[in-house]
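When we follow this note's numbering, the leftmost residue of the sequence shown carries the number 2, and every step to the right adds one.
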Amino acid sequence: MSRRQERGDGRAEGAISRVLSAVERDWDMKDEYSSGVYDALFKPRSVVIVGGSESLAKPGGKVLANIVDHHYRGTLWVVNPGGSVKGLPTFASVPDLPGPPELGIIAIPAALVAGALEDLGRKGTKAVVILSAGFGEKDEKGREEERRLLTIAGDFGMTIIGPNCSGFMTPHYSGKFAGIIPELKPRSIDFISGSGATVDLVMEQAVLRGLSFCNVVNVGNSIQTGVEDLIALYDENYGTEGSPVLMLYLESLKKPGLLLRHARSLTRKGCAIVGIKSGVSAGGARAAASHTGAMATDDTAVQALFDKAGIIRVKSKMEMIDVACALLGTGGHLEGNRACVITDAGGPGVMLTDELERQGFVLPVLGERTRQRLHGILPAESSVMNPVDCLPSRTASQIREVFEVLAEEERAGIDVIAIQVGNPGMYPNREIYREVARAMKTSPIPVIPTLSSVTTCTEPIAEFTGDGNFCFSDEVNLGSALGKVLHRTAIFEASDDLKDYDRAGIGNALEGHTGVLPARTVTEVLEKAGFVFPPQVEAPSLEGTKEACNRIGYPLVMKVLGPLHKSDLGGVKLGIADAAAAERAWHDLAGIEGARGVLVQPMVEGMEVILGASRAGDLGHLIMFGLGGIYTEVLGDVAFALAPLAGEECRGMVKGIRSYPIVEGVRGQRGVSVERLADHLERLSRLVCDFPVIGEIDINPLKGGGSELYVIDARIILHTEPRS
C-alpha cells in the first residue's frame, strides 16, 4: 500500500494525520523511499567500492576488506585506476563498470566525490554510501559541495547516506570501515545512529554483555537521509522477521513528524525502540507569552515526542545497553509489576530489591507451598520469603531446582525473576552460569541475570555471553532497566467523538482574529469546545462595573481586561464583598497600564488546576496539566504530552504529577474528578489539533470540585491567520 493510500483510506490516526499532513506531503514526493531502495541499502545484489584498495590504512581498503572477510555473496566490483585489487573485478572508472551496481560505496577525496556520484547516477545506481569526509563538517566550501551532491542525487533519484559516515552493516554485507565489526545475526538488535563513534562505543560494550546486532547504520552528515528517514524506510519494510529491538541515537531532530509516525507504527508491529536524543538543554526555555509556552522547553518536547512514539528514552550508552537487555529478556513488555529476586549475597540482594521497589515493582511473599519446597532445597538458614537468599554455599543443582519450583508454583504470581550471582569461591561459577542460561531459555517466567564478579570470573562470563546469553554486571542497573520496560509508554489512538464539541462554531468564532484573542472570544471558543464558565460580565466603565456587580452578586471577583499576566500586575481582586470594595477595586484595576475595563465573576470555591497548550513547531502542540494559580511555576509540578491525546493519556497526565494526592482530595478537602479533568484535557487537545492556528492557550485556573469545574481565567494567542 502506498503512503497516499495509507493516509487516504480513512481516519486511522485521525488528528495525528492532520498534525503531520505537511510532513507527509513532503514525504510523498520522495520516490526513492521504496522497497527497491531498501533492498539496495540493506541487501544489495551488487556493490561497487569507489576507491577500494589493498591498504587497510585507507577507508576504501578497510571497507573492502570487511565486506570480503564477512563473505558478501553478491557481485563485488572495485573502482581504482591503479589496477587490480584483491583479485576482484577492478575498473579504472565508474563508466567502465559492466553494469549498474545497486549500491555504491564512495571512499575517495572529497573533491572527487561529486564526479563519482554523477557517474553512478548515469549508471543507474539506486543508493550510495559516502564514507569520504571533508564536507559540511569542515567549512563553508564543504557545505557548498554537499549542496552539489544533493542536486546530483535529485537529478538521478538516488538515495545518499552520508557523507562523512563510518558505513552501513547488515547481515548481507559489512560495509563499514571503522571500529568494531561484529558478527551480524538476524532478529537481534538494529541500530540507527547520527554518530559513528557512538555506534562503535555502544557495540563494544554491548558485545561484552552478550548482545548481538543485525543492521547497524551511521548517517554521518545526513545531507539527504537522516535518522528519521531511515526509520521510515525501516518501518515500511519491517516484517515478521524484523529485529525485536531498535536502538536510536539522534543529535538532531529535523523531521519530528516523520519520526513520530513511523516509530508509532514500529511499536505497534512489536519493535521495541530505545533512544537517546543528545544536544538538548533543559534551560533552553522558549520565550513565550504564556506560562505553558515558557515552561515547554526543548527537552520537554523531545520527551513528549518519545512518549507519544512509544520510544523508551535513555540518557547514556550504558543505559541504552541495559534497557536493550531488559527488553530482550522480557520479550519487550511485562505482564505486571510482580518481581522475585534470587541472590547469593545479602547486600546486593537488598540493593536490587530497593531499586525494583523504587521503580514500582512489588516483591510478593511467595506462597506457602513454594516456601516449603524451597526449604527442602536450600539450607535451613536461607530466606525463602522473596528475595530468595540461596547463600554463598549455593550449588548448580540448587539453583536449577529453585528455578523449577518458581516456574511450577509461581507462574501466575510472578512477572519477572531477577537473579544476582557473585563469586563466593565455594562452588564453580561456570556451572551456576549454565543453570542461569538454561532458565533464561526455558523458564515460563522471564529470567534476567546480574553476574557481578567480572574480574574473578572473566572467562566463565565470556563463555556465558559467547553462547548467546546476555547479563548485567550491576544489580541496581538491572532494576532500573526493568523499570523502563515496566513503564514503557503504550500507543493509544485519540477519539474524534467528543460530546458537546462544536467544531464549526469554534471556526466561526476564530474567523478574522489574529494575535491575542479578546476575552469574549476566548469564552466563546472554549464554551463551544465544551468548557464551562461561571457567569461573567465585561465592564468597560465604573458605571458598567456597578451594574455588573449588582447582577452577579457578592462576593465576587474582578479582573483587569487587556494585560496578559494579570496576577503579576495585581490585576485580580478576590473576595470583593460589597459595592464600596468593588469601586475601590475598579480604580486599582483601571490604573494598570493597558487596562480596557474589568471582568466581573462570582467567587468559585474549590481546587485550582492549570491546563495549557503550546505549539512546538512541526510536532504540533504540547498539552500541559498541573496545579493551578501561583503554584504552577513555584512547584513546577506539571505533566506534558503531545496532542492529540486519547483518554488514557489524559488520565495518565493527571495521575502523573507528584501532587496528584492533592487532586484526589486530602485532609477533608474536596477533590476533583479525574475523569472530568481527563475530559477537559482531551477537549483542549482536540481544539488545538483542529485549529493549529492556535499558538498558545492557558486555562489558569480551572477551578471547582468533583465534576463541577469552571474556567476562571483563560487566554488564547493565535500565531498565524486562522483557518476554520
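Heads up, the beta-carbon is just placed ideally off N, CA and C, and yes, glycines get one too.
Because the structure is a prediction, the values reported are computed rather than measured.
- Between the alpha carbons of E709 and S496 lies a gap of roughly 23 angstroms.
- Per DSSP, the beta-bridge partners of M625 are G613 and F641.
- Here Q602 has P535, Q537 and V558 as same chain residues with Cβ atoms under 6 angstroms from its own Cβ, once five neighbours each way along the sequence are excluded.
- Secondary-structure assignment with DSSP links M319 through no beta bridge to anything.
- For the pair L118 and V48, the CB atoms are not nearer than the 8 angstroms cut-off.
- Here the segment 129 to 143 makes no contact with the segment 193 to 201; the two share fewer than three CB pairs at distances below 8 angstroms.
- Secondary structure in the segment 168 to 250: the beta strand (DSSP E) runs of 3 residues or longer, each lying completely within the stretch, are 168 to 171, 174 to 177, 185 to 194 and 214 to 219 in chain order.
- P349 is classed as buried because its beta carbon has at least 16 other beta carbons within 10 Å across all chains shown.
- M604 and G506 have their C-alpha atoms roughly 29 angstroms apart.
- Here DSSP, grouped into helix, strand and coil, assigns T301 to helix.
- 8 angstroms or more divides the Cβ of C166 from the Cβ of L185.
- A325 and I418 have their C-alpha atoms spaced approximately 17 angstroms apart.
- Following the DSSP letters along the chain, one finds A154 inside the alpha helix (DSSP H) bounded by residues E141 to F157.
- The criterion of a C-beta distance shorter than 8 angstroms is not satisfied by L678 and L643.
- Taking the Cβ atoms as the reference, T490 lies roughly 5 angstroms from G311, within the contact range of under 8 angstroms.
- Separation of E358 and P183 (C-alpha to C-alpha, rounded to the nearest whole angstrom) is 36 angstroms.
- Its chain contains I343 as the residues whose beta carbon lies nearer than 6 angstroms to that of V389, once the 5 sequence neighbours on both sides are disregarded; these appear in chain order.
- In the same chain as L42, and ignoring 5 residues on each side of it, the C-beta atoms closer than 6 angstroms to its own belong to A128, in chain order.
- Residue state for R395 is assigned as coil, using DSSP reduced to three classes.
- About 28 angstroms separates the beta carbons of I224 and E205, which is beyond the 8 angstroms limit, so they are not a contact pair.
- Cβ neighbours of R552 within its own chain (closer than 7 angstroms, five residues either side excluded): V538.
- By the neighbour-count criterion, in which 16 or more other beta carbons inside 10 Å mark a residue as buried, D501 falls on the exposed side.
- For N701, the enclosing beta strand (DSSP E) covers residues I695 to G706.
- The C-alpha of K63 is placed about 10 angstroms away from the C-alpha of D70.
- A straight-line Cα-Cα distance of about 14 angstroms links E594 and P541.
- Per DSSP, the beta-bridge partners of E709 are G706.
- When DSSP states are grouped into helix, strand and coil, K574 belongs to the strand group.
- Under the three-state reduction of DSSP, T443 is assigned to helix.
- Annotated three-state conformation of P257 is helix, per DSSP.
- In the structure shown, the three-state DSSP call for T76 is strand.
- Counting along the chain, no beta strand (DSSP E) covers T456, and no H or E run does either.
- Less than 8 angstroms separates the beta-carbon of A647 from that of F493.
- Spatial neighbours of P450 in its own chain (CB-CB distance under 6 angstroms, excluding positions within 5 residues in sequence) are listed in chain order as I420, V437 and C472.
- Three or more beta-carbon pairs separated by less than 8 angstroms are not found between the segment 573 to 588 and the segment 655 to 674, which leaves the two stretches without contact.
- DSSP places M604 in no beta strand (DSSP E); its state is neither H nor E.
- Under the three-state reduction of DSSP, G163 is assigned to coil, being neither helix nor strand.
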